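Numbering (our numbering), first residue to last: 3 to 860.
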Amino acid sequence: MTRPLGPPLIAMVGPCGIGLSTTLDEIRAALHERGAHVVTMQFTRNSSDLPGPLGAPRLPAASELLAKDNAALLVDDAQWVDGETLGRLESLVRKLVGTRARCVCAIRLTAPPAPGSAGQAVLSQLVHEGLAEIVHLRPLGDAELAALMSERFGAKPSPELVRHLRRLTRNRPKALTTALEAYQRSNAIRVVDRHAYLAHPDVTPALPDNHELPLYVRRMGNAAWTVAKAMAVLNPLGDAAVRLAAETTGLTESEVDAALDLLRSQGILRHLAGTGRWVFRLPLVEAVLIDQLGPYERRRLAQAAVTAVWDGRARCEDPDYLADQLVNAGRMVDGERARTELLARVRETNGAGRVETWLRAAADLTPDRAQRAAILLEHAGVCAVRGKVAECLETTHTLLHDLPDQLPPDLLQDVHLAHVTALHATGDFATTEQIACGEWWPWAGRPVERVVTRAAALSLLGRWQQARDLLAGTEHVWRGCPTAVHHATVLGSLAGLWLGDRDQFDRGLAALCECGADDRRRQRQMTHYVGALLAIGDRQGAERLLAEDSRPPEWSRLAEQAVLAARRGRFDAAVEFTRTRIVRGPSFGYGPVAVAMVQAAAVIHLARGRITRARELLAGGRSTHPVLPHVLAGPEAWIATMLGEHQRARATVREALDTADRDGVLAGTDELWFAAFKLAHAEGDLADARSCLHRAEAVVDGLGTVRAEIYRLLIRAALEPGSGFGAEALRLARELSEPLQLVTTIEHVVQVDAAEPHLLTEAYEILGGLDALLLRAWSRTLMRKHNIAVPGRQSTVAENERLLAVLVAEGLGNKQLATVLRASEKSVEGRLSRLFSRTGYRSRVELAVAILNGEFEV
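Pasting the structure below:
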């Protein structure tokens, strides 16, 4: 545009959705900023046939453009220019030769242009004479696609989200913008920990009726609009789709053919000659058109598709297609056959795919009450496993209110428990409370079901002592029922564990390894016990229990996998598991292992200098109304300490411990008593420090974990110098084989003179493997204090710079940076100046975006 000797015409060409109009808008804005006189116009299909102002826009005369010192004509949708206007446009372009005026035309390649078309001939001639230049707008690369999404959400898109949108939009910028808008309307994309995820992959992208994408198809006429929607459903059926479209729309086949030709010429569809199949050029258009279908229209098209497949008049390679259309057709097709095929597809996929949708549809098609109850029971289980608690709640409600007589007593108890769990997980704490207190019970069932369900509700609310008391006081009610005995034993043993009485839990743990009668119930108990062991810090016990199970490691829930990965030092995996668990839900009532998961992820972020992200994770965890909320206070107090707010840190820990005391809970307090000790000891409050030791010893007696014993020993090592407790703590930490725990132990025993300083080198190397930037920086300070050489001067400089960049991206001001880095503000200012000078970033925002996208390099 600005080249003095450039051609007067620039033709931007590309397919629909590539962003031609957006680029033209950006050109117009840039020209206005430079003071240029800009004339814009847009053509529409058949606009030359319309009268007056509705017709084709008027081209300006060359004299109008040349009268301005710097002028430009911008033409959008130039592919619709009629023959007469085309001649005037060519004449105008020729008159602009040798001037500063320019003409920019956006031309959509809606379909392969017909050979010899007037527009193609004129453009080719102008290019040949050097009077025009063609600029092809290309699809985005994957990195550019991800960068656009990052800019939109202020978050890094997950690989799954990038793959999904790449398939949907073919990497076209305008299509991507439209897809993101549609998914945001459907709440299908969720941002967690500055990462964007496709939370609901099966959601159809929805756009309002007046959006430009559906309007683009609507403006082609009623026939094209109707056929386009029909083909969105029927196109997987190959050459049978055309005939079926005619049957379902009331159009003749010739009218359908004409509509298809029009849709092809406008870039909506293309015809695969080898297969006879019509496909959408942009899958996004297909998805949006499906969302535009009315309820009857959707069912009628599904009925036609299913009937054609059943009759052998059509076939489809995708086995899920028929199942999905059976769901949409509902009772408009043979219900018995539909139910049979839906259940068969569920079995074929072995729990993958859209099984919950197929199961629910199969249940709705089943007239037999017993069969319907069995299918709904399976549906509730699938939804619970997948975190779809609202759907689980709806199904258990149906079972309890409409079909309780179809469930044997043991399964009825399971449904009651699943229902109260789903109530709590959907945030209905009021109803959960009413059930727990015995104030509300609208269902059929015996007293035994009511007692066990009440105990479960109390446990979900974190009122474990009340749950134990209830079970103890009603043992005569549930003791004679094997199912109730199992549930009461599990609930009671877990409640005892959180309260610091693990005798019943240990008995259940021993029996679990011998039990094999009811595999389903054994596996469910194993899931609860693995999570419980991880929540109290007994990773080794959890791993021993996992080794007893024949299922692959992936069977465990995401929260358990996250905590395991964190304890093993697989920090990246732990944080990713955490984010995925938060995205998939449920979003309320975090249980003990989910709370431990959030705590572990926050600690990882803090170790790496991501203070704000840690704070956001902790706030999100608290907003779920978790049990064991005191567990989150440890990293919250650590944040306060990092920022120099030591009194706030002590108050945070004290308040958390008071809450645990009030609830009679011991689980998770081992770490807090150690934190309380360190804060008191640092301030010389020896009385408080000694009281922390007594409480830490009580935790060891109650929980009996190696972690609790390590913390007790570390406190004693500080209070009783030369006692050998530091060496014993080190031995246990090495046996525990948890990298961050070992680092904590080494640094503490060195600081209290209970071990030789040369051990700091080992801790420093471990932190390097964890990429714990902030802890490494503090470790270097500690090493220098003890005259221990820090290896790798050059890598240290680069690491310091990366840490500074991370902290800046976290939004810390200079004073906070100085506090966290344990340096002076003047030193921080100098380091920041050198950082921006070397990297070329002009602002903290640019730097934060680069770090978010993984583009920052030292």
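All C-beta atoms, glycine included, are put in the ideal place defined by N, C-alpha and C.
Being a predicted model, the structure only gives us computed values, none of them experimental.
| Asked | Found |
| --- | --- |
| beta-carbon V287 near the ligand PLP non-hydrogen atom, thresh 6 Å | By its list of ligands, the structure shown contains no ligand whatsoever, and the ligand PLP lies outside what it can speak to. |
| Beta-carbon proximity check, V532 vs A544, cutoff 7 Å | yes |
| Whole-number beta carbon distance between L772 and A609, since they are thought to touch under 8 Å | 7 Å |
| Where the beta strand (DSSP E) through W280 begins and ends | 279 to 282 |
| Own chain residues within Cβ distance below 6 Å of T2, not counting five before or after | No information on residue 2 is available, as it lies outside the stretch 3 to 860 that the chain covers here. |
| Given 8 Å, three or more beta-carbon pairs between the segment 433 to 451 and the segment 407 to 419 | yes |
| The segment 296 to 307 touching the segment 249 to 256, judged by at least three CB pairs closer than 8 Å | yes |
| From E657, R110, L239, residue whose alpha carbon lies closest to that of G278 | L239 |
| Boundaries (first-last residue) of the beta strand (DSSP E) holding E135 | 134 to 138 |
| L668 - containing alpha helix (DSSP H), residue span | It is not in any alpha helix (DSSP H) - L668 carries neither H nor E in the DSSP assignment. |
| Own chain, CB closer than 7 Å to Q506, minus 5 neighbours either side, in chain order | G494, S495, G498 |
| Of the listed residues G100, T101, G121, V99, nearest to A108 (C-alpha basis) | G121 |
| Continuous alpha helix (DSSP H) stretch holding L11: start and end | Note, L11: premise wrong, no alpha helix (DSSP H); beta strand (DSSP E) at 11 to 16. |
| Residues bridged to D78 [DSSP beta-bridge criterion] | Q44 |
| Nearest-angstrom beta carbon gap, A800 and L837 [assumed within contact, 8 Å] | Contact doesn't hold; Cβ gap of about 11 Å is too wide. |
| Which listed residue (Y766, A177, V851) has its alpha carbon closest to that of L784 | Y766 |
| Alpha-carbon spacing of I613 relative to L634, whole angstroms | 14 Å |
| Proximity to D326 [Cα-Cα], best of G389, D204, P210, A13 | D204 |
| Own chain partners of A682 with C-beta closer than 6 Å, once the 5 adjacent residues on each side are dropped | D690, A691 |
| Coil, strand or helix - R302 by DSSP | helix |
| Closest residue to A719 among S693, E66, A756 (Cα-Cα distance) | A756 |
| Residue span of the beta strand (DSSP E) that contains Y199, given as start and end | 197 to 200 |
| Strand pairing of V205, partner residues [DSSP] | Bridge partners of V205: none, in fact. |
| Buried/exposed call for A621, threshold 16 Cβ in 10 Å | exposed |
| Host beta strand (DSSP E) of I191 (start-end) | 191 to 194 |
| Those residues which DSSP pairs with K158 across a bridge | H197 |
| Beta-carbon contacts of R220 that lie in its chain and below 8 Å, excluding the five residues immediately before and after | W227 |
| The segment 732 to 749 / the segment 658 to 672 touching (three or more Cβ pairs under 8 Å) | no |
| Rounded straight-line distance, which links the Cα of G670 to that of F676 | 11 Å |
| Beta carbon of T485 nearer than 7 Å to that of D540 | no |
| Alpha helix (DSSP H) runs contained entirely in the segment 640 to 682, provided each spans 4 or more residues | 648 to 665 |
| Nearest neighbour of A157, chosen from L139, D672, T25, V194 [CA to CA] | V194 |
| Contacting residues, own chain, Cβ-Cβ under 8 Å from H426 (five flanking each side not counted) | T434, A459, L462, L463, F590, G591 |
| Burial state of K680, where buried means 16 or more other Cβ atoms lie within 10 Å | buried |
| Burial state of V577, where buried means 16 or more other Cβ atoms lie within 10 Å | buried |
| Nearest-angstrom beta carbon gap, G623 and V655 [assumed within contact, 8 Å] | That belief does not hold up - the Cβ atoms of V655 and G623 are roughly 17 Å apart, past 8 Å. |
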